[in-house]
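Okay, structure first, notes after.
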Amino acid sequence: MERRAAGFGLVAVGGVVGAVARYAVAVALGATVGTLAVNVVGAFALGLLVTRATDGRTQLLVGTGALSSFTTYSTFAAETVALGTLAGTGYVAATYAGGLAAAAAGIALGRWLR
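Printed below as a string of structure tokens:
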């Protein structure tokens with residue numbers, strides 16, 4: 661039970677850090693650009709994390725906690741609908757292309773650093 665409580669604590673601390681960082685990016689860049697930025701940066705960081713972090717505590721703190729609250733699918737979906745069909749389609753394409761490229765780059769960097 662103590663191990664689970666520690667895991668919840670790591671996720672909670674990481675979640676606070678990620679949520680505050682996401683809000684800071686949105687304030688600095690604006691809503692839509694900020695959401696695109698956090699999703700692409702988060703994809704890169706997660707790609708790097710999965711190749712480098714072998715410790716379960718790091719995975720809970722950074723992956724499950726910080727990166728999952730830093731990136732945002734729900735805001736991305738709402739902004740896509742609000743942009744309308746044409747702009748929304750471009751936003752989806754940019755987000756997915758950027759996210760996939762960033763994740764691949766993070767994985768490649770993580771493997772190169774081994």
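First residue of the sequence shown: 661, per the numbering used here; consecutive thereafter.
Beta carbons are placed, not taken as given, at the ideal position from N, Cα and C, and that holds for glycine.
- For residue 732 against residue 774, the beta-carbon gap comes to about 30 Å, at or over 8 Å, which does not count as contact.
- Annotation for residue 759: 699, 700 and 703 place their beta carbon closer than 6 Å to its own, counting only its chain and skipping 5 residues before and after.
- Within the model, the alpha-carbon separation for residue 706 versus residue 763 is close to 7 Å.
- With contacts defined by Cβ atoms closer than 7 Å, residue 670 and residue 721 form a contacting pair.
- Counting along the chain, the unbroken alpha helix (DSSP H) around residue 765 starts and ends at 745-772.
- Under the criterion of beta carbons closer than 8 Å, residue 735 and residue 751 do not qualify as touching, at roughly 12 Å.
- In this structure residue 667 is not in contact with residue 727, their Cβ atoms being roughly 16 Å apart against a cut-off of 8 Å.
- Straight through space, the alpha carbons of residue 744 and residue 689 are spaced by roughly 21 Å.
- In the DSSP assignment, residue 706 falls within the unbroken alpha helix (DSSP H) covering 691-712.
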